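Protein chains: 2
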Amino acid sequence: MSERPLILVSNDDGITSKGIRVLVNVMKKLGEVIVVAPDSPQSGMGHAITIGETLRLEEEEIFDDVQAYKSSGTPADCVKLAKHYVLKDRKVDLVVSGINHGSNTSISVLYSGTMSAAIEGALEGYPSIGFSLCDYSSKADFSHVEEYVYKIAKQVLDHGIPKGVALNVNFPPKRNEDIKGVKICRQAHAKWQEEFSERFDPNGRKYFWMAGNFVNFDKGEDNDEWAIANNYVSIVPCQYDLTAHHAINQMNEDWNWEELS
Amino acid sequence: MSERPLILVSNDDGITSKGIRVLVNVMKKLGEVIVVAPDSPQSGMGHAITIGETLRLEEEEIFDDVQAYKSSGTPADCVKLAKHYVLKDRKVDLVVSGINHGSNTSISVLYSGTMSAAIEGALEGYPSIGFSLCDYSSKADFSHVEEYVYKIAKQVLDHGIPKGVALNVNFPPKRNEDIKGVKICRQAHAKWQEEFSERFDPNGRKYFWMAGNFVNFDKGEDNDEWAIANNYVSIVPCQYDLTAHHAINQMNEDWNWEELS
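In C-alpha cells, the structure reads:
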C-alpha cells in the first residue's frame, strides 16, 4: 500500500477526452491515481445508472504509469464499479471528475454527468470534486486552469470539506486577462429554455434536435454565474439531500388535512 | 380552451406500463390530461437529457379520450418536449409522473427517472408530483393508492405547493392492513450498497450485472423510509438548488486562502 493519497478519476466526456488527460496529469503530482471512466461520451446523463442492462469494464493502457479502466456505464456507474470492484476495500482519499468540456454552473448541475460522478463519490463518504471548463470545444485550452485544479485538490486533501458534500468547480474560459481568484458560491437561479428543431429523415419520418438557451434570473453576486462572468473560479458545495425543508411546515399549514385522511 | 385544469402526465416505465394507466385514469377526474411519456422503460435514468442525438415524438392512441405522445427521450426530455413543442403557450396547472413500479424513497430520488420528470416540471414553475409504489412488479396492485393519488393531486391543485418544489410521493405496497394516512417527510439518510455479479459472454468476454442492497442509516421517525415501513404515504418536498449552504462558511473558514490566491 502506498502512503500517497489514493485519487479516483472519472469524467463524462469519455476516457479519451483531453479534459481527463489534463486532470490525470495534475493528480499524479498529488497521489496515486486510478482512472475508471466511460468508454464513450456521456454528457447530459445526469445521475443515470445502468439497471436492466449489462456493464463492461476493461483495463486500458492509455495514461503513463496510471492504472486505468474504461466502462460502458455512466459516470455514476464508473464510481460504483471503482469502489466495489476495482478498489474493493482500499480507502479512497479523493474522487475527482472532469475536466468537463463545457460549463456545469447553476442548474446544469442537475444534468451533469461530471457532477454525478462527484456526487456519487460524496455518497460513498469520499471528498469529491467535479471540475468543468466553460468552453465546449474538444480542443479547449486548459493551460490557465491546471494550477487551480492542483491548488483546489490540495486544499481538499489538506483541509477537507464537510461530509456528504461534493464541490462543483467551474473555470472561466481562457481570456486575455488572468483568472482573478477563487470564490465559494451558491448555485445561481437560472434555467435552460429549450427549442426543438423539427426535421424529417430520408423516410419522411419526423425527428427533433433539442437546443437550449441559458436564461439567468439571478441578480446576486454570490453565485457561480456571476463568478464565471467576472473571471473567477466558482466553487459550489453541493449536497444530495434534496429535501426542501422550508416546504414541510408550509404544506402542513396550508393543506386541508381532513380531506387527506 | 377548457376551464378544467390542464394536467401533464409522464413517467419512466414507459407509456405502456400499468402505473401510467392508473395515473391517467385518476387524473381524468381532475382535469384535461395530456400524456408525453417514454416509448420504452427508462428506469434509473436520473436527470438525463438527450444531447448529441435526435429525438422522436409520435402521437399514440393508447388512452381513451386522452391526447398522448410517446418519445424516444428520457422523462426529462418528455417534459421539455411537452412544454416547448406539444403545449407551446398553454398554461400547465399540474405535472404528474408515475405511478412508478418501485420505490423512490430516500437517496433513490437521485437516480429516479420518475422524479426527474417532476423536478423538470418544478423547474418550469409548475406544481409537480412524482408518484411511486414500493412494489417493483409490472403487475403491481395499485387499488389501495388510487384514492390517495386523487386526494394529493387535488390538494396541490386547490392549495398549491411552494414555488420550485416537486413532491416525491411514495406509497406502501398493498398489505393486509389499510394505509394509515399521509406524512410530509424529509429524505431518509440511506444509500445503495452495490454488488457486481461478474459473468462471461459466449465469446469469453467479461461483463457485469449491477445489483444493490439498500442500507438505511436513519433512526428518525420524520423521514420517508420510516413512513413507508409504518404503512403511511410519504411526501418529501424536493428542491433543485443543490447548494450546501452550511458548507460555504465552513470552507471559507477552514481553507487556506493565501495558498489559493
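Protein sequences, first through last, are from chains V and P.
FYI, in the numbering used here the residues of the first sequence are 1 to 261.
FYI, in the numbering used here the residues of the second sequence are 1001 to 1261.
Beta carbons are placed, not taken as given, at the ideal position from N, Cα and C, and that holds for glycine.
Quick caveat, the model's predicted, so the values are computed rather than measured.
{"query": "Name, please, each residue of chain P whose Cβ falls closer than 8 Å to the Cβ of M45 (chain V).", "result": "G1046, A1048"}
{"query": "Just to confirm, is the Cβ distance from S106 (chain V) to S132 (chain V) under 8 Å?", "result": "no"}
{"query": "So, with DSSP's three-state summary, where would you put T74 (chain V)?", "result": "coil"}
{"query": "For L55 (chain V), which residues from the same chain have a beta carbon less than 8 Å from its beta carbon, with the 5 sequence-adjacent residues on both sides left out?", "result": "S71, S72, G73, D77, L81"}
{"query": "Measuring only the C-alpha atoms, how far is M27 (chain V) from K219 (chain V)?", "result": "36 Å"}
{"query": "Pull the bridge partners of M1045 (chain P) from the DSSP assignment, please.", "result": "In DSSP, M1045 (chain P) forms no bridge with anything."}
{"query": "What number of angstroms, rounded off, separates the C-alpha of N1168 (chain P) from the C-alpha of A244 (chain V)?", "result": "11 Å"}
{"query": "Ignoring anything shorter than 4 residues or poking outside the stretch 1126 to 1180 of chain P, list the alpha helix (DSSP H) runs there in chain order.", "result": "1146 to 1159"}
{"query": "From the DSSP output, in three-state form, read off V109 (chain V) for me.", "result": "helix"}
{"query": "Kindly indicate which three-state DSSP category K91 (chain V) falls into: helix, strand or coil?", "result": "coil"}
{"query": "So, with DSSP's three-state summary, where would you put V1086 (chain P)?", "result": "helix"}
{"query": "Is the Cβ-Cβ distance between I1099 (chain P) and G1160 (chain P) less than 8 Å?", "result": "no"}
{"query": "Show which residues of chain P have a CB atom less than 9 Å away from the CB atom of I184 (chain V).", "result": "A1247, I1248, N1249, M1251, N1252, W1255"}
{"query": "For E1059 (chain P) and V1109 (chain P), I'd like the C-alpha separation in whole angstroms.", "result": "29 Å"}
{"query": "Given V165 (chain V), which residues of its chain have a CB within under 7 Å of its CB, disregarding the five upstream and five downstream residues?", "result": "A122, P237, C238, Q239"}
{"query": "Output needed for V1092 (chain P): all residues of its chain with C-beta closer than 6 Å, excluding positions within five of it in sequence on either side, in chain order.", "result": "L1006, L1008, Y1126"}
{"query": "Check I62 (chain V) in the structure and name its three-state DSSP category.", "result": "coil"}
{"query": "Can you name the start and end residues of the beta strand (DSSP E) that K1191 (chain P) belongs to?", "result": "1190 to 1200"}
{"query": "Can you tell me which residues form a DSSP beta bridge with A247 (chain V)?", "result": "Its beta-bridge partners do not exist; DSSP assigns none."}
{"query": "Would the stretch 212 to 228 of chain V count as touching the stretch 1211 to 1229 of chain P if we require 3 or more Cβ pairs under 8 Å?", "result": "no"}
{"query": "Taking 8 Å as the CB-CB limit, is W1209 (chain P) close to chain V?", "result": "yes"}
{"query": "Counting contacts by CB-CB distance shorter than 8 Å, is L1110 (chain P) in contact with chain V?", "result": "yes"}
{"query": "With a Cβ-Cβ cutoff of 8 Å, do S234 (chain V) and A211 (chain V) count as a contact?", "result": "no"}
{"query": "On the CB-based measure, 16 or more other CB atoms within 10 Å of its CB, does W192 (chain V) come out buried or exposed?", "result": "buried"}
{"query": "If we ignore side chains and look at the alpha-carbon of each, how far apart do V1265 (chain P) and E195 (chain V) end up?", "result": "No answer is possible for residue 1265 (chain P): it lies beyond the span of chain P, which begins at 1001 and ends at 1261."}
{"query": "Can you list, in chain order, the residues of its chain whose CB lies under 6 Å from that of Y1148 (chain P), leaving out five sequence neighbours each side?", "result": "V1233"}
{"query": "Thinking C-beta only, is Q42 (chain V) closer than 8 Å to G291 (chain V)?", "result": "Only positions 1 to 261 of chain V appear in the structure, and residue 291 (chain V) is not among them; the question remains open."}
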